[in-house]
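What follows is a single structure, written as structure tokens, with notes after it.
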Amino acid sequence: MSENFLGNLFGNTTVVFRISEKIFVQPCLWLNDHLFHFKYIPQVWTTFSGALHTIRDTVYLVFTLLVCMIWTLLDRKRTNYNKLLYWFSQFLIVAVSCIVFFYGVIKIFAVQMSSPTFASLHSTVGELTPFELLWATFGYGKPYQIFSGLFESGAAILILFKRTRVVGLLIGAVLMMNILMINYTYQVGVFILSLYIFFIILFLLAPYTHQLLRFFFNKQMASLLLDEYIPPKTRTTKIIRGIAVASIACCFFATTKSAFDLYRKIDGLARSRQYSMIKKYVVNNDTMQLMEHDTICWRYWNERISNGKRYVTISTMNPAGNKTYAVERDSINHQLTLHPYNQRDSTALQFSYLVVDAFNWQLEGIVNQKNIRVELQRINPDTTMTLLKTKRRIITLDDYSDDE
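Okay, here's the thing in structure tokens:
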């Protein structure tokens, strides 16, 4: 929770998560080797590995339970924890509000689940992992993603105010139950984190259980109980409240700005994309047949600009063989140099290219000591793919596609 709270507080900055990565990755890897034995797949951002996330959050949970048991035994004579409960609850309110607001605002800008990639759109459903299937579905359904984000952000704001806190917590509980089922069903790696948030919301709702049961099940009037402890209006209390307000304002502003910046980046990236379909693939004067799951023949050329640099992802007939390169273009000599994006690949590819017309162009060069010639045709997915060109309608009058 602390990592996610601090990361969101500073605008989803990767600095906090990188520090956490240095602290947690090696111990989690050791625990995985000796205890959990999960199938661990290293990623660029290691902390976001589902396996490591689960190990770390499980250790948090076990450690917390042990501390609670020891504390209960050592301090069993204390009559109440009203003061500690008040301040602990206030901290949880701020933390949960910041985290839920972050997940809401990135849905409002539709950047949490980005649009399906060109490669995933050409993969069969059976080739996708449950996570990829979920992300592609929500990425395509942007109106639903925005709708969900509005409720999450609204709940995060309602939680902050005493008069609306119970309503915000109830909305948050329903949202988190839905998210829990989605994370479990589609094997999303942050299941335990969402479970923690759900437990915290239930913890904050617990003092109002009796009143809520009376209101919902007995149809009786119910008023919220006053806190057992009310802090005195001292300078220290005012400073603490001021820090809390400043932290919330900082979080809300920083996460909104971060989501908007990411939206502009993704939008600019989408506008710069150029797709080409492979019409013909020739190796040493031998025209290759485009067969499914073939790792040699190219299938699509996906070119885009990111942070001022041009990149291309070459999709083969087998999605596992896709590779990304940085593109260096010599327009005068009609030369393309592809520098591998993956550091494990060291060999750059050299091609000469020829523009035939507005849609067709050709590449020729040496790959794996073989001369290849590729004929490509530029395509627009928005006009060629049924999924993307389908228009949403409130009422469907027929079952014909848009182009019929």
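In this note's numbering, the protein residues as written are 58 to 461.
Ideal placement from N, C-alpha and C gives every residue a C-beta, glycine not left out.
DSSP on residue i, reduced to helix/strand/coil?
i: His110; result: helix
i: Thr441; result: helix
i: Val168; result: coil
i: Tyr357; result: strand
i: Val224; result: helix
i: Arg435; result: strand
i: Tyr286; result: coil
i: Asn89; result: helix
i: Lys79; result: helix
i: Val101; result: Since pLDDT at Val101 reaches only 48, below the 50 mark, its modelled position is unreliable, and the value read off the structure follows with that caveat. Note: Val101 maps to coil in three-state DSSP.
i: Ser463; result: Nothing about residue 463 can be reported from this structure: the residues present for the chain run from 58 to 461 only.
i: Gln346; result: coil
i: Asn235; result: helix
i: Gln419; result: strand
i: Ser205; result: helix
i: Met278; result: coil
i: Thr136; result: coil
i: Thr447; result: coil
i: Thr181; result: coil
i: Ile127; result: helix
i: Ile214; result: helix
i: Phe4; result: Lying before the first or after the last residue shown, residue 4 is absent from the chain, which here runs from 58 to 461.
i: Glu461; result: Confidence at Glu461 is low in this model, with a pLDDT of 46, below 50, so its placement is unreliable and the value that follows should be read with caution. Residue state, collapsed to three classes: coil.
Starting from the C-beta of residue i, find all residues in its chain whose C-beta is less than 7 Å away, skip the five residues before and the five after it, and write them out in chain order.
i: Leu261; result: Ser146, Leu149, Ile150, Leu226
i: Pro173; result: Ala193, Gly196, Tyr197
i: Ser5; result: Since the displayed the chain opens at 58 and closes at 461, residue 5 lies outside it and no answer follows.
i: Trp418; result: Tyr410, Leu411, Val412, Leu433
i: Ser177; result: Leu185, Glu189, Ala193
i: Gly378; result: Thr352
Across which residues does DSSP place residue i in a beta bridge pair?
i: Val424; result: Lys427
i: Ala383; result: Tyr368, His396
i: Thr373; result: Trp355
i: Ile335; result: Leu433
i: Val340; result: Asp343, Ile429
Just curious, the alpha helix (DSSP H) that residue i is in, first and last residue?
i: Tyr197; result: 187-197
i: Lys295; result: 292-329
i: Gln147; result: 139-165
i: Ser177; result: 175-178
i: Asn271; result: Correcting the residue type first, residue 271 is Arg in the shown sequence and not Asn. That run of the alpha helix (DSSP H) goes 266-274.
i: Tyr243; result: Run containing Tyr243: none; DSSP gives neither H nor E here.
i: Ile258; result: 248-262
Could you spell out where the beta strand (DSSP E) holding residue i opens and where it closes?
i: Gln407; result: 406-412
Among residues of its own chain, excluding the 5 on either side of residue i, which ones have a beta-carbon nearer than 6 Å to its beta-carbon?
i: Glu285; result: Asn139
i: Arg330; result: Arg361
i: Trp102; result: With a pLDDT of only 46 at Trp102, under 50, the local geometry of the prediction cannot be trusted, and the value read off the model is given with reservation. Around Trp102: no qualifying Cβ.
i: Pro288; result: Thr294
i: Tyr160; result: Glu209
i: Leu142; result: none
i: Cys354; result: Tyr338, Met345, Leu347, Met374
i: Ile257; result: Leu149, Val153
i: Ile165; result: Ile203, Gly206
i: Tyr201; result: none
i: Ile452; result: none
Here's a check: name, in chain order, each residue in its chain whose Cβ is nearer than 8 Å to the Cβ of residue i, leaving out the five neighbours to either side.
i: Gln392; result: Arg386, Gln407, Phe408, Ser409, Tyr410
i: Ile305; result: Val151, Ser154, Cys155, Leu217
i: Tyr243; result: Pro187, Phe188, Leu190, Leu191
i: Leu326; result: Arg361, Ile362, Ser363
Within 8 Å (strictly less), CB to CB, does residue i reach chain C?
i: Leu395; result: Within the model displayed, chain C is absent; a lone protein chain is all it includes.
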